[in-house]
Amino acid sequence: MLKAQSNSMFLCVINYCNSCLKRRTFNLCSYKNQEVENQPIPAFSVLFYLTLLTDMAVHLSFLLILSGLTGIHSITTVSKLSVRAGDSIIIPCLYDSQYRDHVKYLCKGYYWSSCSEVVKTNQPYSSGKFSISDDKTQRIFTVTIKDLTDKDTDYWCAVEINRGDDIRKYFHLSVTRGMPSLYVDHQEMTGFNGDSVTVSCNYRNSEAMKWCRLGGDCVTGSSGSTDGTRVTINSSVHNVFTVTMSGLTTQSSGWYLCVKGDFQMPVHVTVTETPTTTTLATTRYFTTLSPSAEPLNLTSVSPDETLNSISIHLRSFIIRMSVLTFIVIMGLFTWCMFKKYSKSMVNFNKSNSFQIFW
42 MLKAQSNSMF LCVINYCNSC LKRRTFNLCS YKNQEVENQP IPAFSVLFYL TLLTDMAVHL
102 SFLLILSGLT GIHSITTVSK LSVRAGDSII IPCLYDSQYR DHVKYLCKGY YWSSCSEVVK
162 TNQPYSSGKF SISDDKTQRI FTVTIKDLTD KDTDYWCAVE INRGDDIRKY FHLSVTRGMP
222 SLYVDHQEMT GFNGDSVTVS CNYRNSEAMK WCRLGGDCVT GSSGSTDGTR VTINSSVHNV
282 FTVTMSGLTT QSSGWYLCVK GDFQMPVHVT VTETPTTTTL ATTRYFTTLS PSAEPLNLTS
342 VSPDETLNSI SIHLRSFIIR MSVLTFIVIM GLFTWCMFKK YSKSMVNFNK SNSFQIFW
């Protein structure tokens, strides 16, 4: 605290001299065991003291920021979701690499100090309602909450710290009996390398929309890219915006977010290599395999081809049965005609014999 008294200027440090701060060899408190207040300090030294205190404040601010980056903000996840009662939801929680081998868990409750642990990675099957898995390669652990109710509203993604406070991140579930404010038909999608995948994000509000990678970039317009993957957003359908990711690579695999206003909905995209098919010498009724030590992929027959084959066999059977029936009918007709002819000849012979006799 600075005071002005007559023509002199004084620097007063209250309740701090017992632990006199030093910078290099300069002692901020002129007299360690005496009162600092009312000790005159030359006017030209005031600037030095102010510079010293400012420098200390800058260093302290840097330490606080660094502590925040490596502490409570070391988990990235969703903040607010709209879900329907009775459904299930998967929540991804991204963490820093230094916590790869730490225990992760889900804590239930609005206040961190009183929340209760419901599932942990070292006890993944402790409850049928909750499950957890940890992908250490992607540095994401996911929690699944089943059979959602009105009580499933407040949760924390958390990582255990052996010597210190556990790091955590809060998220809120808005459970509704009707249609959610933002939802997708499937939270998990699969695509092939070089192909595309489309996600439909259904919504009920009119706020701004965007497509984000968890912990990464966002696309807010009609087109853009996330980590090198092309993204186009089409909102021509009422209450639906469709996201198409094209030119997929294996690096495109990961968790993404449909975002509409305050709500997010996580979607996982898995990209795999396009499967290779070995050409086989085949006929309609059997397949000939060349001798090889390597396993071969049999070519599957589509339902249309199966129906076509059945139709051909049915027509062939009908034609054969028709021919056979015709032959039988003609045979019976011939036999009947022959029998009738034979009977008439016998009657004729008898008549001629009777006339000759008389």
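For the sequence shown, my numbering gives the first residue as 42, with consecutive numbering after it.
Ideal placement from N, C-alpha and C gives every residue a C-beta, glycine not left out.
Quick caveat, the model's predicted, so the values are computed rather than measured.
Here Gly372 carries a helix assignment [DSSP, helix/strand/coil]. For Tyr196, the enclosing beta strand (DSSP E) stretches over residues Asp195 to Val200. For Asp207, DSSP records no beta bridge to any residue. For Ser115, the closest C-alpha among the options Leu135, Ile131 and Tyr196 is that of Leu135. Apart from sequence neighbours up to five positions away, the residues of its chain that approach Ser129 with a beta-carbon distance below 8 Å are Thr185, Ile186, Lys187, Asp188 and Leu189, ordered along the chain.
Taking each of Glu229, Asp226, Ser237 and Gly302 in turn and checking the Cα distance to Thr290, the smallest one comes out for Ser237.
Distance from the CA atom of Asp193 to the CA atom of Ile274, rounded to whole angstroms, is 32 Å. DSSP lists Thr283 as the bridge partner or partners of Ser241. For Ile181, the CB contacts under 7 Å within the same chain, skipping 5 residues up- and downstream, are Pro133, Cys134, Leu135 and Trp296 in chain order.
The shortest CA-to-CA distance from Gln164 to any of Lys251, Ile208 and Ser174 is the one to Ser174. Secondary structure of Met250 (DSSP, three-state): strand. As far as DSSP is concerned, Gln179 takes part in no beta bridge. Distance from the CA atom of Tyr140 to the CA atom of Thr117, rounded to whole angstroms, is 13 Å. Between the beta-carbon of Thr267 and that of Gly257 there is about 6 Å, and that keeps the pair under the 8 Å contact cut. Val124 has its alpha-carbon roughly 16 Å from the corresponding atom of Lys170. The beta-carbon separation of Thr283 and Thr231, rounded to 17 Å, does not stay under the 8 Å limit for a contact.
For Asn275, the enclosing beta strand (DSSP E) starts and ends at Thr270 to Asn275.
In this structure, DSSP gives Met220 a state outside helix and strand, which the three-state scheme calls coil. The C-alpha of Ala126 lies about 24 Å from the C-alpha of Trp153.
For His309, the enclosing beta strand (DSSP E) covers residues Phe304 to Thr313. When only Cα atoms are considered, Lys145 and Ser264 end up about 36 Å apart. Secondary structure of Arg356 (DSSP, three-state): helix. Shown here, Ser123 sits in a strand according to DSSP, grouped into three states. Distance from the CA atom of Thr270 to the CA atom of Met286, rounded to whole angstroms, is 7 Å. DSSP links Thr185 through a beta bridge to Ile131 and Ser172.
Within the same chain, Ser241 and Asn243 come within 6 Å of Val281 by CB-CB distance, once the 5 residues on both sides are set aside.
Looking at Gln305, Gln228 and Thr315, the one whose alpha-carbon comes closest to that of Cys253 is Gln305. Within the same chain, Cys259, Val260, Thr261 and Val300 come within 7 Å of Lys251 by CB-CB distance, once the 5 residues on both sides are set aside. Looking at the backbone, the Cα of Thr317 and that of Gly235 are separated by about 14 Å.
Within the DSSP secondary-structure output, Gln164 pairs in a beta bridge with Lys161. Nearest to Thr178 by C-alpha distance, out of Phe374, Asp137 and Phe367, is Asp137.
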